[in-house]
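A quick write-up on the structure given underneath.
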Amino acid sequence: MTVALLFILLDAVGTFVFGLSGAMVAMRRRFDIFGILVLAVATGVAGGMVRDLLLGSTPPDALRTVWPLAIASLAGVCVFFFKPLIERLNRPVMLLDAIGLGIFAVAGCRKALLYGLDAPGAVLLGVISAVGGGVLRDIMATEVPRVLHEDIYALAALAGAAAYAGCLWFGVQDSIAAVGAVIFAVGLRLASVRFGWHLPHPPK
Amino acid sequence: MTVALLFILLDAVGTFVFGLSGAMVAMRRRFDIFGILVLAVATGVAGGMVRDLLLGSTPPDALRTVWPLAIASLAGVCVFFFKPLIERLNRPVMLLDAIGLGIFAVAGCRKALLYGLDAPGAVLLGVISAVGGGVLRDIMATEVPRVLHEDIYALAALAGAAAYAGCLWFGVQDSIAAVGAVIFAVGLRLASVRFGWHLPHPPK
Amino acid sequence: MTVALLFILLDAVGTFVFGLSGAMVAMRRRFDIFGILVLAVATGVAGGMVRDLLLGSTPPDALRTVWPLAIASLAGVCVFFFKPLIERLNRPVMLLDAIGLGIFAVAGCRKALLYGLDAPGAVLLGVISAVGGGVLRDIMATEVPRVLHEDIYALAALAGAAAYAGCLWFGVQDSIAAVGAVIFAVGLRLASVRFGWHLPHPPK
Numbered sequence: 066m067t068v069a070l071l072f073i074l075l076d077a078v079g080t081f082v083f084g085l086s087g088a089m090v091a092m093r094r095r096f097d098i099f100g101i102l103v104l105a106v107a108t109g110v111a112g113g114m115v116r117d118l119l120l121g122s123t124p125p126d127a128l129r130t131v132w133p134l135a136i137a138s139l140a141g142v143c144v145f146f147f148k149p150l151i152e153r154l155n156r157p158v159m160l161l162d163a164i165g166l167g168i169f170a171v172a173g174c175r176k177a178l179l180y181g182l183d184a185p186g187a188v189l190l191g192v193i194s195a196v197g198g199g200v201l202r203d204i205m206a207t208e209v210p211r212v213l214h215e216d217i218y219a220l221a222a223l224a225g226a227a228a229y230a231g232c233l234w235f236g237v238q239d240s241i242a243a244v245g246a247v248i249f250a251v252g253l254r255l256a257s258v259r260f261g262w263h264l265p266h267p268p269k
Numbered sequence: 066m067t068v069a070l071l072f073i074l075l076d077a078v079g080t081f082v083f084g085l086s087g088a089m090v091a092m093r094r095r096f097d098i099f100g101i102l103v104l105a106v107a108t109g110v111a112g113g114m115v116r117d118l119l120l121g122s123t124p125p126d127a128l129r130t131v132w133p134l135a136i137a138s139l140a141g142v143c144v145f146f147f148k149p150l151i152e153r154l155n156r157p158v159m160l161l162d163a164i165g166l167g168i169f170a171v172a173g174c175r176k177a178l179l180y181g182l183d184a185p186g187a188v189l190l191g192v193i194s195a196v197g198g199g200v201l202r203d204i205m206a207t208e209v210p211r212v213l214h215e216d217i218y219a220l221a222a223l224a225g226a227a228a229y230a231g232c233l234w235f236g237v238q239d240s241i242a243a244v245g246a247v248i249f250a251v252g253l254r255l256a257s258v259r260f261g262w263h264l265p266h267p268p269k
Numbered sequence: 066m067t068v069a070l071l072f073i074l075l076d077a078v079g080t081f082v083f084g085l086s087g088a089m090v091a092m093r094r095r096f097d098i099f100g101i102l103v104l105a106v107a108t109g110v111a112g113g114m115v116r117d118l119l120l121g122s123t124p125p126d127a128l129r130t131v132w133p134l135a136i137a138s139l140a141g142v143c144v145f146f147f148k149p150l151i152e153r154l155n156r157p158v159m160l161l162d163a164i165g166l167g168i169f170a171v172a173g174c175r176k177a178l179l180y181g182l183d184a185p186g187a188v189l190l191g192v193i194s195a196v197g198g199g200v201l202r203d204i205m206a207t208e209v210p211r212v213l214h215e216d217i218y219a220l221a222a223l224a225g226a227a228a229y230a231g232c233l234w235f236g237v238q239d240s241i242a243a244v245g246a247v248i249f250a251v252g253l254r255l256a257s258v259r260f261g262w263h264l265p266h267p268p269k
């Protein structure tokens, strides 16, 4: 599989799982079907839009092709009809959000490197595009974004993007670096939830 | 009347009514005069700014000309002095918001088509620029954006933008298509509120 | 000191104090160390990012150089370890926020003038970049942004940016105009808090 195709696939999966997470939040708040679609699309495409805006790559992918919109809408429809199925997952919003987080961190970092940013800027852009969708979802639902109060959330995105940039630096092949970094970021996020890892909190 | 002039006029009216809606929300929260102006300007110009950013048309109109700022500020001042007059309207924020919604959906779609986007991307951009101002207004007032919980809100914007793009496709003259699509979107929104039309909500 | 160097220094100070203010808010909410860093960085760099986006200067400074990220992160670390020291200040978030507000209003206005905007657009961009970081900070912490409910907040940013543009118009030397305008804006904001100056509120 070529690298370009791999990243198209990753982007699609990331958009879909973020769309699912947005739709799940909208279902809990009992919005109607179109409110659910709006939050699914907003959560699915916002991170990529912010990434493209910051890189000066306008109009962003989500407006140039119909796929991000279609994929995120499909996620919203899936949640509307098959919510009980998704709810059998353990903490579905957390899980879906973690997968999207890892994918967009690496994909955002890669696009920034292709656009000529240095590694630190590229890693920061990866983090921004990874957390962007979730921040918009939580703000629109008037909740404190989980990037602020969940332990090891932005840190997992940072670790994934930095691992990817580091692997490329040491000459690892692009697709291996990408898949490894995504698994690393998602695994770190899930492990931190599963095992209750905590970062230091401020002293009282 | 030329098409360009018609759209300048529509943009002005949309900015003004969104400005009024932002100022009304600020009045209810009892902000001071400058807080009212800030929310009027933010609500009036945010949608257009996001539209221009996503199209790569920088600096956006609202910074290149003084009109959007002046019109939205005027709306803030009007509300400060003539609030009782505006409050005689039935649900003024909803009504003003509906007019702005329809106008910006069509105007955003048109600008995107002029910039060479395909119809689906142009319709999506129309929806984003139509709901952008209201989302910022509601988020800044720490309310759940009405695009999420009001029935037939984003759907009305989508219907207006799609109707406009569809009319052009079938060769309808630009200004007729624009006016018709705006009336259709505003009418759909108002009718849904008046007659209590609902979209399906998720099953319990 | 050259003008360019002065503005680099001002930008650094503004990023640092905004970073401190974001970290202080995060500490109060008892986020963990990384949540504190995220809010410090978001508050410190958001205003400048929005400014660069609106000017079409992409990728923004905060991604092209590592300094804004490093400075805002340092602010987060400082707050984590030395919070008691900062808390001895009278209303530290208000004070730090005021300094950042004045600096970014003038720096944003200057960059906009360099990019060829007219004075009104440049002043508006100064206000947007001055209030942008604080709005994001308050929205992420699910508080009503202080730009809406604090008397003489956006007005202080507007006064600073307008004073700077006005001084240049009358031929005052750039660095003198800049320092004077920053002091004027910060002083106006602090004086309004200290002496309880109020803008008119809407009649009951």
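Chains as they are written, first to last, in the working numbering: chain A, 66 to 269; chain B, 66 to 269; chain C, 66 to 269. Ideal Cβ placement from N, Cα and C applies to all residues, glycine included. Computed from a prediction, not measured in an experiment: that's the story for all the values here.
The C-alpha of Arg211 (chain B) lies about 11 Å from the C-alpha of Ala163 (chain B).
In the structure shown, Val131 (chain B) adopts coil according to DSSP, grouped into three states. Secondary structure at Glu215 (chain C): coil, using DSSP grouped into helix, strand and coil.
With respect to chain B, the C-beta atom of Ile204 (chain C) has a partner C-beta closer than 8 Å. Ser257 (chain B) and Ala221 (chain B) have their C-alpha atoms spaced approximately 9 Å apart. Spanning the alpha carbons of Ala230 (chain C) and His214 (chain C) requires a straight line of approximately 27 Å.
Three or more Cβ pairs closer than 8 Å define a contact, and the region 117-137 of chain C meets that threshold against the region 122-130 of chain B. For Ala177 (chain B), the closest Cβ of chain C is not nearer than 8 Å.
Taking a contact as a CB-CB distance under 8 Å, the pair Arg254 (chain A) and Ile217 (chain A) counts as one, their CB atoms being some 6 Å apart. By the Cβ test, the region 188-197 of chain A is not in contact with the region 84-101 of chain A, since fewer than three Cβ pairs between them sit closer than 8 Å.
Residues Ala187 and Leu190 of the same chain have their beta carbon placed closer than 6 Å to that of Ala177 (chain B), with the five preceding and five following residues left out of the count.
Residue contact with chain C for Val103 (chain B): present (Cβ-Cβ distance below 8 Å to some residue of chain C). When the alpha-carbon of Pro133 (chain A) is set against those of A:Gly197, A:Val78, A:Trp262 and A:Leu201, the nearest one is in A:Val78. Here Asp183 (chain A) carries a coil assignment [DSSP, helix/strand/coil]. Chain-order list of chain C residues neighbouring Met159 (chain B): empty, with the shortest C-beta distance near 20 Å, by a criterion of under 9 Å. Assigned with DSSP and collapsed to three states, Thr80 (chain A) falls in helix. The distance from the Cβ of Ala219 (chain A) to that of Val103 (chain C) is about 5 Å, consistent with a contact at the 8 Å cut-off. In the displayed model, Phe235 (chain B) falls within coil according to three-state DSSP, outside both helix and strand. Per DSSP, reduced to three states, the secondary structure at Ser86 (chain A) is helical. Taking a beta-carbon distance threshold of 8 Å, Asp162 (chain B) does not count as an interface residue toward chain A. B:Phe169 is the residue among B:Phe169, B:Lys148, B:Gly109 and B:Ile136 whose C-alpha sits nearest the C-alpha of Val244 (chain B). At a beta-carbon threshold of 9 Å, the residues of chain A lying near Arg129 (chain C) are Leu182, Asp183 and Gly186, ordered along the chain. In the displayed model, Pro149 (chain A) falls within a helix according to three-state DSSP. Boundaries of the alpha helix (DSSP H) around Leu118 (chain B): Ile98 to Leu120. Nearest in C-alpha terms to Ala226 (chain A), of all of A:Gln238, A:Ser86 and A:Ala250, is A:Ala250. One Cα belongs to Gly198 (chain A), the other to Gln238 (chain B), and the distance between them is close to 39 Å.
In this structure, the straight-line span from the alpha carbon of Leu85 (chain A) to that of Arg202 (chain A) is close to 11 Å. Annotated three-state conformation of Gly261 (chain A) is coil, per DSSP. Rounded to the nearest whole angstrom, the C-alpha separation of Pro265 (chain A) and Ala137 (chain C) is 19 Å. Taking C-beta atoms as the reference points, Val247 (chain C) and Gly167 (chain C) count as a pair closer than 8 Å.
Exclusion of the five residues before and after Ala224 (chain C) leaves Phe249, Ala250 and Leu253 as the residues of its chain whose Cβ lies within less than 8 Å of its Cβ.
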